[in-house]
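Below is one structure, written out as structure tokens, with a few remarks after it.
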Amino acid sequence: MMRLVAGVLVVAALAGTAAGEEKFRYPPPELGPDYVQPRTSFPAVRETLPAGADIALLVTAILLASYFALKLRSRLGVWCVGAASLAYFGFIRGGCVCPIGSIQNVAAAMDPRVAISMVVVAFFVIPLIATLLFGRTFCAAVCPLGAIQDVVLVHPVRVPAWLTGALGLLPVAYLSLAVVFAVTGAGYIICRYDPFVSLFRLSGSANMLILGSSFLLISLFVGRPYCRFLCPYGVLLGWMSRLSQWRVTITPDECVQCGLCENACPFGAIRKPNADQLPRERGAGRATLIWTLILAPVLVIAGGWLGRQAGPAMARMHATVWLAERIEMEEDGRVKGTTDASDAFRETGRLTEALYADASVYRSRIVFGGTLAGAFVALIAALKLIALSVRRTRTDYEADRGTCLACGRCFDYCPVELRRRKQRGKGGPIP
Amino acid sequence: MDEKEDKLTRRDFVRAGARGACILGVGAVGASMAPRALKSPERMLWQIDPAKCIACGNCATHCVLKPSAVKCVHDFDRCGRCKFCFGYYETSPDAVAHAGVEYQQCPTDAIVREYLGDPYYEYTIDEDKCIACGLCVKGCKRFGNGSLYLQVNHDRCLNCNECAIAAACPSEAFVRIPADAPYPLKDKEHGK
Chain A
80 MMRLVAGVLV VAALAGTAAG EEKFRYPPPE LGPDYVQPRT SFPAVRETLP AGADIALLVT
140 AILLASYFAL KLRSRLGVWC VGAASLAYFG FIRGGCVCPI GSIQNVAAAM DPRVAISMVV
200 VAFFVIPLIA TLLFGRTFCA AVCPLGAIQD VVLVHPVRVP AWLTGALGLL PVAYLSLAVV
260 FAVTGAGYII CRYDPFVSLF RLSGSANMLI LGSSFLLISL FVGRPYCRFL CPYGVLLGWM
320 SRLSQWRVTI TPDECVQCGL CENACPFGAI RKPNADQLPR ERGAGRATLI WTLILAPVLV
380 IAGGWLGRQA GPAMARMHAT VWLAERIEME EDGRVKGTTD ASDAFRETGR LTEALYADAS
440 VYRSRIVFGG TLAGAFVALI AALKLIALSV RRTRTDYEAD RGTCLACGRC FDYCPVELRR
500 RKQRGKGGPI P
Chain B
17 MDEKEDKLTR RDFVRAGARG ACILGVGAVG ASMAPRALKS PERMLWQIDP AKCIACGNCA
77 THCVLKPSAV KCVHDFDRCG RCKFCFGYYE TSPDAVAHAG VEYQQCPTDA IVREYLGDPY
137 YEYTIDEDKC IACGLCVKGC KRFGNGSLYL QVNHDRCLNC NECAIAAACP SEAFVRIPAD
197 APYPLKDKEH GK
């Protein structure tokens, strides 16, 4: 009897396999009046704070951080806001959605058919506007990714200025790639390779946990490596910060040029005075400037060409392109066997030609995007070179407008600032 | 000295102009997306379309949560209460012939089999044990009624901006759906 049933089942099963689709093969039996059918489990959606609350908290945190950094000039205050943001935006909310990732949503939503939520728009826009007003106080104490690196920084090592400058191109490249991949639908690489999100959730793939821990280990000695050498949102904030209305100053009083602040800054964001250095000979400086100006378009074209060469490889990030290439190889017999994706595609019964056509559209879009991205990174590199040959006179130690993260560490190291505090504490006139 | 002051004001003037332009630009980006954002549902959730799901097993391994936010659910309206459930047993002839403990598919013993009266059995899922490997789903879909299928459990899902499983899904089965109907896809298929 059992064999017979088995035989019937296997035949039925094979029939099912041939069709390759789900069927209603065995009607549910009548089980009598006493039978109580269990309920299918559909757990309720996790409760979260409403979107408005998150936006309000973001604004509050930025305003508080700005108040502590610019008005009260208190490193402790900035640190406390940072710790609170780390707890809420990091560990409670699980680090998602963050302004860094929102770049991709906003870039993708340039296409009016793509949906976007209000929180994401707000998370993209608010820190940019805030930075135009107060400088990078968002970086100092609101961004959970910045905060987690900041709280573990115990023994900062100075990164040479030339290296910081060169590595400064990485975030620009990352930003351009992320935008290209988001716009073409290839994926959100900023989210995929976010090193800290797995730490915020205390869960994740082994690779991501190792990546996150490595970043934290480096952060013990190198101030905020992600912020300075990778963060794509930091690129935008750096530009905004250069134009900011108000900003953190080391001390509002006259600099005594002791240089202590420069050592205190773990991010290499304090520039030395250069008024007493002799400027280079006028002719030599002008020659450098002219050469870099001539070099700029060459660099941009070369960058575009490189981006174009990288395009086909970049296109493989897109699932459709990847699948089409795989199917093509399988059909040609260049590879043996199938993948889950190629099996799934064949089950849908779609024509391979339609898939190839889709893939070629995506591929050409990504190659075009890669060309633009390459040219853009080269343009920024060229602008950096040009900026090197333009001299700006500084008479005092100053925080760099673009790279100062407004953390406030330098306040406590400035002797003028300490004297100012002391006199204010005694109720004396504020010098 | 006068010259220097002039220079500073000029620089400040350019900076103020650029700042204004940036505020307008960023504001314009926000404003252009705000109407769409206000119209769209406040929350979108990730969910699996069971019609597209091929139960490849990526849900068990790619989710940022361990164990995965995806679980197998059982649609009792569809279940045929089979004696030889290919969600429960391996799909080998030996399994059918012997139907012993050694032929059970579920690696975590998350499917509970209860006798209902010959020849019917009830299969329920112990969600705490389920790791969303999809072995039972595959068996039930190919050889049974497709009453076992994978769904994102919204009490666990963190609703990542980019779902790691969606990025790894070979059959484009991951979709974003409005939060007010979090488990709609199988029901819709059967007109409920």
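Heads up: the sequence lines are chains A and B, in that order. Quick note on numbering: the working numbering labels position 15 of the first sequence as 94, and the sequence is numbered without any gaps. Quick note on numbering: the working numbering labels position 98 of the second sequence as 114, and the sequence is numbered without any gaps. We put the beta carbon where it would ideally sit given N, CA and C, even for glycine.
- Chain-ordered listing is empty here: chain B has no CB closer than 9 Å to the CB of Q388/A, the nearest sitting near 25 Å.
- Linking A47/B to F279/A through their CA atoms gives a straight-line distance of about 32 Å.
- For C98/B, the closest Cβ of chain A is nearer than 9 Å.
- In the assembly as shown, D125/B is an exposed residue. Its beta-carbon has fewer than 16 other beta-carbons within 10 Å.
- Nearest in C-alpha terms to P66/B, of all of A50/B, D91/B and R59/B, is D91/B.
- Less than 9 Å separates the beta-carbon of A148/A from that of G487/A.
- Neighbours of V185/A across chain B, judged by C-beta separation under 8 Å: V45 and M49.
- Taking K82/B as the centre and dropping the five residues before and after it, the same chain places no C-beta closer than 6 Å to its C-beta.
- Counting other Cβ atoms within 10 Å of its Cβ, W158/A reaches 16 or more and is therefore classed as buried.
- The beta carbon of A454/A is closer than 8 Å to those of V379, I380, G382, G383 and G386 in its chain, skipping five residues each way along the sequence.
- R326/A has its alpha-carbon roughly 13 Å from the corresponding atom of I349/A.
- Using a CB distance below 7 Å, the part of the region 198-213 of chain A facing chain B consists of V200, V204, L207, I208 and L211, ordered along the chain.
- P376/A counts as exposed, since fewer than 16 other C-beta atoms from the protein chains shown sit within 10 angstroms of its C-beta.
- Taking C-beta separations shorter than 6 Å and ignoring five residues to either side along the sequence, the partners of I70/B in its chain run S187, following chain order.
- With respect to the 9 Å criterion, V117/B and C176/B are not classified as neighbours on the basis of their beta carbons.
- The distance from the Cβ of A187/A to that of A261/A is about 5 Å, consistent with a contact at the 8 Å cut-off.
- Only residues of its own chain outside the window of five on either side were considered, and among them R387, G390, P391 and A394 have a CB closer than 7 Å to the CB of V446/A, listed in chain order.
- Within the region 120-200 of chain B, complete alpha helix (DSSP H) segments of at least 4 residues are found at 151-159 and 180-184, given in chain order.
- Under the 10 Å beta carbon count, Q228/A is surrounded by 16 or more other beta carbons and is classified as buried.
- Sorting A257/A, R118/A and T263/A by C-alpha distance to the C-alpha of Y272/A places A257/A at the top.
- Residues of the region 276-291 of chain A with a Cβ closer than 9 Å to any Cβ of chain B, in chain order: V276, S277, R280, S282, G283, S284 and M287.
- Rounded to whole angstroms, the separation of the alpha carbons of Y312/A and V204/A is 11 Å.
- H234/A counts as exposed, since fewer than 16 other beta carbons sit within 10 angstroms of its beta carbon.
- Cα atoms of A44/B and S255/A: separation of roughly 21 Å, rounded to the nearest angstrom.
- Residues of the same chain with a CB within less than 6 Å of the CB of A438/A, apart from the 5 flanking positions on each side, are T399, V400 and A403 in chain order.
- Leaving aside the five residues that flank R94/B on each side, the residues in its chain whose CB is nearer than 7 Å to its CB run, in chain order, N161, G162 and S163.
- Of the candidates A245/A, L322/A and S292/A, A245/A places its Cα closest to the Cα of L464/A.
- DSSP places K87/B in the uninterrupted beta strand (DSSP E) bounded by V86 to H90.
- Under DSSP, the beta-bridge partners assigned to W62/B are R192/B.
- In this structure, A195/B sits near V124/A, with a CB-CB distance shorter than 9 Å.
- For A478/A, DSSP records a beta bridge to I349/A.
- Taking 9 Å as the threshold, the shortest C-beta distance from D65/B to chain A does not fall below it.
- Within 7 Å of the CB of C176/B, the CB atoms of chain A belong to C175 and C270, in sequence order along the chain.
- When only Cα atoms are considered, E426/A and D419/A end up about 11 Å apart.
- Rounded to the nearest whole angstrom, the C-alpha separation of S421/A and G449/A is 27 Å.
- Using a CB distance cut-off of 9 Å, M319/A counts as an interface residue toward chain B.
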